[in-house]
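Here the structure comes first, spelled out in structure tokens, and everything after it is commentary.
Protein chains: 4
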Amino acid sequence: MARYEVFVTYKRGIFDPPGATAERALRNLGYDGVESVKIGKFIQIDATGGIETVREMCEKLLANPVIEDYRIEEVGDE
Amino acid sequence: MARYEVFVTYKRGIFDPPGATAERALRNLGYDGVESVKIGKFIQIDATGGIETVREMCEKLLANPVIEDYRIEEVGDE
Amino acid sequence: MARYEVFVTYKRGIFDPPGATAERALRNLGYDGVESVKIGKFIQIDATGGIETVREMCEKLLANPVIEDYRIEEVGDE
Amino acid sequence: MARYEVFVTYKRGIFDPPGATAERALRNLGYDGVESVKIGKFIQIDATGGIETVREMCEKLLANPVIEDYRIEEVGDE
């Protein structure tokens with residue numbers, strides 16, 4: 001069993017609706033120094049099968065490679 | 101105290117990343133008859149202050165009027 | 201091809217983190233009349249295969265029947 | 301202007317509905333080696349005002365300190 005961390009972000013140029021909504025809400029709260037907010041996913045997976053299996057899970061379900069980039073890090077054995 | 105239901109959807113033409121990801125995942129599960137999946141928010145609010153206050157909450161925080169449409173329904177007093 | 205609307209909500213008693221976060225943020229914006237906010241999903245699906253196929257998609261991917269309730273409505277043929 | 305990365309995760313013991321849904325969906329896709337999936341947020345913020353201002357944004361809007369932990373890293377000046 002190993003632990004993996006996956007960082008999923010929108011590709012450059014892809015519109016990020018949750019980020020845009022948070023950006024507006026922060027300005028409504030008075031934070032005028034906010035230039036940009038992007039919101040992606042931070043996924044922690046405990047699994048057997050190795051990093052290649054985690055890559056497959058990202059391609060099939062956890063990310064959408066057409067619009068998202070993802071980075072996988074193995075952070076330790078459990 | 102009244103209960104409101106709010107339906108938040110992306111405006112026509114705005115790209116919907118969670119919907120696009122679900123669409124791909126469903127096809128990966130073998131559902132070839134899926135033409136389109138759009139994912140919005142379904143919000144239930146119990147609050148005093150009337151529907152105009154709920155509209156304000158949508159404009160400021162719950163939706164992003166630049167990219168999202170929302171519809172509010174009052175569904176009953178509590 | 202038919203269009204379906206799916207409403208996904210947490211079962212009674214299941215903690216709803218996005219709702220709890222929105223509730224806090226609304227109070228931080230000064231909306232003291234907010235008693236409760238629950239956030240679920242509002243999904244629009246265009247697909248062939250009938251409502252039973254949509255129910256299967258919910259069971260397998262779109263909802264988690266252990267913690268979420270869902271309701272499907274057929275809203276028209278395309 | 302500086303860039304910050306914020307990692308938001310549920311506190312230990314808090315139920316994570318999106319993670320539980322992804323876990324089930326991965327098993328439905330045949331990934332039996334999946335032991336646990338947790339889904340948090342990965343937020344990138346470009347802003348002036350320093351890391352203390354970002355901490356405030358987390359406390360007020362981006363995270364819910366009652367149920368979520370967050371970690372902020374300054375990753376560079378723009």
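Protein sequences, first through last, are from chains A, B, C and D.
The numbering used here puts the first residue of the first sequence at 1, with every later residue one more than the last.
The numbering used here puts the first residue of the second sequence at 101, with every later residue one more than the last.
The numbering used here puts the first residue of the third sequence at 201, with every later residue one more than the last.
The numbering used here puts the first residue of the fourth sequence at 301, with every later residue one more than the last.
Don't be surprised by glycine CBs; every beta carbon is placed ideally from N, CA and C.
Note that the structure is a prediction, hence the values are computed from the model and not measured.
Check: Measuring CA to CA, which of C:Asn-264, C:Val-208, C:Ile-243, C:Thr-221 is closest to C:Val-275?; Outcome: C:Ile-243
Check: Distance, Cα to Cα, A:Glu-23 vs D:Val-306?; Outcome: 14 angstroms
Check: How big is the Cα-Cα spacing for D:Thr-348 and D:Leu-362?; Outcome: 17 angstroms
Check: Contact between the stretch 12-27 of chain A and the stretch 112-132 of chain B is defined here as three or more beta-carbon pairs at a separation below 8 angstroms; is this criterion met?; Outcome: yes
Check: Using a Cβ-Cβ cut-off of 8 angstroms, state whether D:Glu-335 counts as contacting chain A.; Outcome: yes
Check: Distance, Cα to Cα, C:Gly-250 vs A:Glu-56?; Outcome: 30 angstroms
Check: Name, going along the chain, the residues of the stretch 323-351 of chain D whose beta-carbon falls closer than 7 angstroms to a beta-carbon of chain A.; Outcome: Ala-325, Leu-326, Leu-329, Tyr-331, Gly-333, Val-334, Glu-335, Ser-336, Val-337, Lys-338, Ile-339, Gly-340, Lys-341, Phe-342, Ile-343, Gln-344, Ile-345, Asp-346, Ala-347, Thr-348, Gly-349
Check: List the residues of chain D that A:Lys-60 touches, going by C-beta distances under 8 angstroms, in chain order.; Outcome: Leu-329
Check: Within 8 angstroms of any Cβ in chain B, is that where the Cβ of A:Ile-72 sits?; Outcome: no
Check: From which residue to which residue does the alpha helix (DSSP H) around D:Thr-353 run?; Outcome: 351-357
Check: Could you work out which residues of chain A lie near B:Tyr-110, taking near to mean beta carbons separated by less than 9 angstroms?; Outcome: Pro-17
Check: Tell me, which residues are paired with C:Thr-209 by DSSP?; Outcome: C:Asp-269
Check: Nearest to A:Lys-38 by alpha carbon, out of D:Val-337, D:Tyr-370, D:Lys-341?; Outcome: D:Lys-341
Check: Check whether the Cβ atoms of B:Lys-111 and B:Glu-173 lie closer than 8 angstroms to each other.; Outcome: no
Check: Can you confirm whether C:Thr-221, when its beta carbon is compared against all beta carbons of chain D, has any partner nearer than 8 angstroms?; Outcome: yes
Check: Where C:Thr-209 and C:Thr-221 are concerned, what is the direct C-alpha to C-alpha distance, given to the nearest angstrom?; Outcome: 16 angstroms
Check: For A:Tyr-4, which residues in the same chain have their Cβ closer than 6 angstroms to its Cβ, ignoring the five residues on either side in sequence?; Outcome: Ile-45, Val-54, Ile-72, Glu-74
Check: Where DSSP assigns a beta bridge to D:Ala-347, which residues make up the other side?; Outcome: A:Val-34, D:Ala-302
Check: Please name the residue in C:Met-201, C:Ala-202, C:Ala-225 whose C-alpha comes closest to that of D:Val-241.; Outcome: What is shown of chain D runs 301 to 378, which leaves residue 241 of chain D out entirely.
Check: To the nearest angstrom, how far is it from the Cα of D:Lys-360 to the Cα of D:Ser-336?; Outcome: 29 angstroms
Check: Would you list the one or two residues that DSSP bridges to A:Phe-42?; Outcome: A:Phe-7, D:Gly-340
Check: Can you tell me the Cα-Cα spacing of A:Val-34 and D:Tyr-370, whole angstroms?; Outcome: 19 angstroms
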